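Residue 456 in this note's numbering is what sits at position 50 of the sequence shown, and the numbering runs on without skipping anything.
Every residue gets a Cβ at the ideal spot worked out from N, C-alpha and C, and that includes glycine.
These figures come from a predicted structure and were not determined experimentally.
In what follows, a single structure is set out as structure tokens and then discussed.
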Amino acid sequence: MADVRIRPVNELDIEAICRIDERITGTYRPEVWEDRVVYFIRRDPDSSQVAEVDGKVVGFMLGEVRGGEFGMEEPTGWLEFFGVDPAARERGIGRRLTDALLALEKRLA
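Okay, structure coming up:
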């Protein structure tokens, strides 16, 4: 398998995220994903990530790290939306995306 690269999501990834969602759900919904991706980039630009293989986005995770939840001051990671292209599953991509959020949470703690 080619190397998986995890990096912060940006607005240029919206179309790839729409296509992954379409392959999962059977519905193409760009209006939904445009709003969601832009929201998470503005709220916490480092927390939401995509996974790339050979320069192609094959997975995404939209979330954030924030403190003050559940009566705790420590930052906690919130994973809101998550998807891996069905053709790229069983390669540990989902795990790598989750690990990226957990690593950010630890750095901020």
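Taking 8 Å as the cut-off, decide whether the C-beta atoms of residue i and residue j are in contact.
i, j, result
"residue 494", "residue 459", "yes"
"residue 464", "residue 491", "yes"
"residue 510", "residue 452", "yes"
"residue 486", "residue 508", "no"
"residue 423", "residue 466", "yes"
Among the options, which has the Cα closest to the Cα of residue i?
i, options, result
"residue 462", "513, 512, 415, 449", "415"
"residue 488", "448, 502, 417, 418", "502"
"residue 425", "484, 411, 512, 440", "440"
"residue 446", "498, 484, 512", "484"
Starting from residue i, follow the beta strand (DSSP E) in both directions and report where the run begins and ends.
i, result
"residue 486", "482-490"
"residue 466", "462-472"
Residue i and residue j look like a contact to me (Cβ under 8 Å); what is the Cβ gap, rounded to whole Å?
i, j, result
"residue 417", "residue 444", "7 Å"
"residue 470", "residue 449", "6 Å"
Considering just the uninterrupted stretch of the alpha helix (DSSP H) at residue i, what are its terminal residues?
i, result
"residue 422", "420-431"
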